[in-house]
Amino acid sequence: MGKRLSPRTISILLVLFALPIVFNSAGTSNVVGNDLNNPEAVYENCDDPQAEEIEETEGNEGCLDRLHRTEHAFNGGWTLLGHMVGGSLLMFSAPITFNSNILKQRKGLHRKAGYAFILGGVITGISALSMTIIFPDRFSGFNVFTNLLWGTLLLGSPLMALRAILAGRVKSHRAWMIRCYAVAAGPSGHRWLGFLVGIIGDFGVSLLIFLIGEMIIRKVGLKTLKTMMSIDKGVSRHILDNPSTK
Ligand code: HEM
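With my numbering applied, the sequence shown corresponds to residues 208 to 453, in that order.
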């Protein structure tokens, strides 16, 4: 059996892992915030029939996206801002939430970080889903599918974690918190593992991180999604075999 990482090492690794996506959020929030404050400037710089072609040229970076966010300030600009703030809240509360020393010695801090993590997950998940459902044509068919898949998991897993802890099911709570992080870690993973993205794509990297999360859940003795599904199947078979238990 390998040596376990210390709680402090885990926290440091989680802070480092969050950095690329949090920096990306800070940079993009700055652009989105300025555009929302000063939409006229976006129209001046970008409202050009050739914006699509000149999109990548200096001074016109991301014109299509910027025009979209300005024209749809609520569902484009503010939703994306909320998404990035929620995602950063989740990524930066994780090093406290997953530190077992803090859990043992400072329960209040663990609880606050846990609520921040759950809130961050819910905000990021809802915004990812709404950005995709309201404007699906901005994404390829496959991206619509992956956004809906990861967005639903990002919204559902913190809610399951909250439900479990409120019902006193600590093991299930821990499993759903780890699962939520494994879903949220995808976008940062794309930036850290750029070489792998070239081989298995964004979706492959997200799936890999999700499966690593399931392995960690299994290693610490919690129920993986696979076990839960086979238990569910067993229960329904039992109910079908014994209609009296319905
Ligand atoms: C795992 C589930 C997630 C899904 C399905 C998702 C989906 C999306 C979508 C649909 C967009 C809008 C893209 C556009 O308008 O062109 C977006 C942008 C963004 N998301 Fe997420 N997201 C997820 C998690 C996260 C997390 C945890 C963070 C952490 C902070 C994050 C940070 C960002 C940033 C920074 C952008 C703006 C990218 C840019 O244009 O520079 N996302 N995401």
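Idealized CB from N, CA, C, for every residue including glycine.
#1: Figure out for me which residue from S236, I217, L220, A225 has the closest Cα to the Cα of E395.
#2: Return the Cβ separation of N372 and N306 in integer angstroms, given the expectation that the two are a contact with Cβ distance under 8 Å.
#3: Check G428 in the structure and name its three-state DSSP category.
#4: Under 8 Å: do the region 354-365 and the region 376-388 share three or more Cβ pairs, one atom per stretch?
#5: Below 8 Å between beta carbons: does that hold for I303 and L316?
#6: Within 8 Å, do at least three Cβ pairs link the region 237-246 to the region 409-421?
#7: DSSP three-state label for A323, please.
#8: Is there at least one Cβ from chain B nearer than 8 Å to S232's Cβ?
#9: Should A335 be listed as close to ligand 1, given that the test is whether its C-beta is under 7 Å from any heavy atom?
#10: For R345, does the three-state DSSP call read helix, strand or coil?
#11: Report the rounded CA-to-CA distance for G266 versus K433, giving the unit in angstroms.
#12: Give the secondary structure of S218 by DSSP, where H, G and I count as helix, E and B as strand, and everything else as coil.
#13: How should S437 be labelled, buried or exposed, when 16 other C-beta atoms within 10 angstroms of its C-beta is the threshold for buried?
#14: Compare the C-alpha of L355 against each of S334, K314, N282, F230 and name the closest.
#15: Are M291 and A391 touching if we call contact CB-CB under 8 Å?
#16: Say the cut is 7 Å; is the CB of V427 nearer than that to a heavy atom of ligand 1?
#17: Compare the Cα-Cα distances from L212 to each of V427, T431, D439 and report the closest residue.
#18: Closer than 7 Å: is that where the CB of W383 sits relative to any heavy atom of ligand 1?
#19: Alpha helix (DSSP H) containing L297: first to last residue?
#20: By a C-beta neighbour count over all protein chains shown, 10 Å radius and 16 as the cutoff for buried, is M338 buried or exposed?
#21: What residue range does the alpha helix (DSSP H) around S307 cover?
#22: Whole angstroms are fine: how far does the CA of K430 sit from the CA of P343?
#23: Under three-state DSSP, which class holds H317?
#24: Excluding sequence positions up to five away, which residues of its chain have a Cβ less than 7 Å from the Cβ of G321?
#25: Measuring alpha carbon to alpha carbon, tell me which residue in N282, C253, F281, A280 is nearest L271.
To lay it out plainly:
#1: In the sequence shown, the residue the question calls residue 395 occupies position 188. The sequence shown places Ser at residue 395, not Glu. Of the candidates S236, I217, L220, A225, the one whose C-alpha sits nearest the C-alpha of S395 is A225.
#2: One-based indexing of the sequence shown puts residue 372 at position 165. One-based indexing of the sequence shown puts residue 306 at position 99. In the sequence as displayed, the identity of residue 372 is Ile instead of Asn. In this structure, I372 and N306 do not form a Cβ contact; the two beta carbons are roughly 17 Å apart against a cut-off of 8 Å.
#3: Reading the sequence shown from its first residue, position 221 is the one you call residue 428. Coil at G428, not helix or strand.
#4: The region 354-365 vs the region 376-388: in contact.
#5: Locating residue 303 in the sequence shown gives position 96, where the first residue counts as 1. Locating residue 316 in the sequence shown gives position 109, where the first residue counts as 1. Yes, the Cβ-Cβ distance between I303 and L316 is below 8 Å.
#6: Between the region 409-421 and the region 237-246, the count of Cβ pairs shorter than 8 Å is below three; the stretches do not touch.
#7: Mapped onto the sequence shown, residue 323 falls at position 116. Helix, per DSSP.
#8: In the displayed structure, chain B is absent; only one protein chain is listed.
#9: By one-based count along the sequence shown, residue 335 stands at place 128. A335: yes, Cβ under 7 Å from ligand 1.
#10: Translated into positions along the sequence shown, residue 345 becomes position 138. In the three-state reduction of the DSSP assignment, R345 falls in the helix class, which pools H, G and I.
#11: Start at 1 with the first residue of the sequence shown, and residue 266 comes out as number 59. Start at 1 with the first residue of the sequence shown, and residue 433 comes out as number 226. For G266, the pLDDT reaches just 48, beneath the cut-off of 50, and the residue's location in the model is therefore unreliable, leaving the point undetermined.
#12: Taking the first residue of the sequence shown as position 1, residue 218 is located at position 11. Note: S218 maps to helix in three-state DSSP.
#13: Counting from one through the sequence shown, the residue named residue 437 turns up at place 230. With fewer than 16 other Cβ atoms within 10 Å, it is exposed.
#14: The count along the sequence shown starts at 1 and reaches residue 355 at position 148. Of S334, K314, N282, F230, the residue nearest in Cα terms is S334.
#15: The count along the sequence shown starts at 1 and reaches residue 291 at position 84. The count along the sequence shown starts at 1 and reaches residue 391 at position 184. M291 is not a Cβ neighbour of A391, given a cutoff of 8 Å.
#16: As a first step, residue 427 is located in the sequence shown; it is residue number 220 there, counting from the start. Checking every heavy atom of ligand 1 against the Cβ of V427, none is found closer than 7 Å.
#17: Taking the sequence shown and counting its residues from 1, one reaches residue 212 at position 5. Nearest C-alpha to L212 among V427, T431, D439: V427.
#18: One-based indexing of the sequence shown puts residue 383 at position 176. W383 Cβ: outside cutoff for every heavy atom of ligand 1.
#19: The residue labelled residue 297 in the question sits at position 90 within the sequence shown. Under the DSSP assignment, L297 falls in the alpha helix (DSSP H) whose first and last residues are 286-304.
#20: Reading the sequence shown from its first residue, position 131 is the one you call residue 338. Classification for M338: buried.
#21: The count along the sequence shown starts at 1 and reaches residue 307 at position 100. Residue range 307-312 is occupied by the alpha helix (DSSP H) that includes S307.
#22: If you number the sequence shown from 1, residue 343 lands on position 136. If you number the sequence shown from 1, residue 430 lands on position 223. Taking the straight line joining both Cα atoms gives about 35 Å.
#23: As a position in the sequence shown, residue 317 is number 110, starting the count at 1. For H317, the secondary structure class from DSSP, reduced to helix, strand or coil, is helix.
#24: Numbered from 1 along the sequence shown, position 114 holds the residue referred to as residue 321. T304.
#25: Here residue 271 refers to the residue found at position 64 of the sequence shown. Ranking the options by Cα distance to L271, first place goes to C253.
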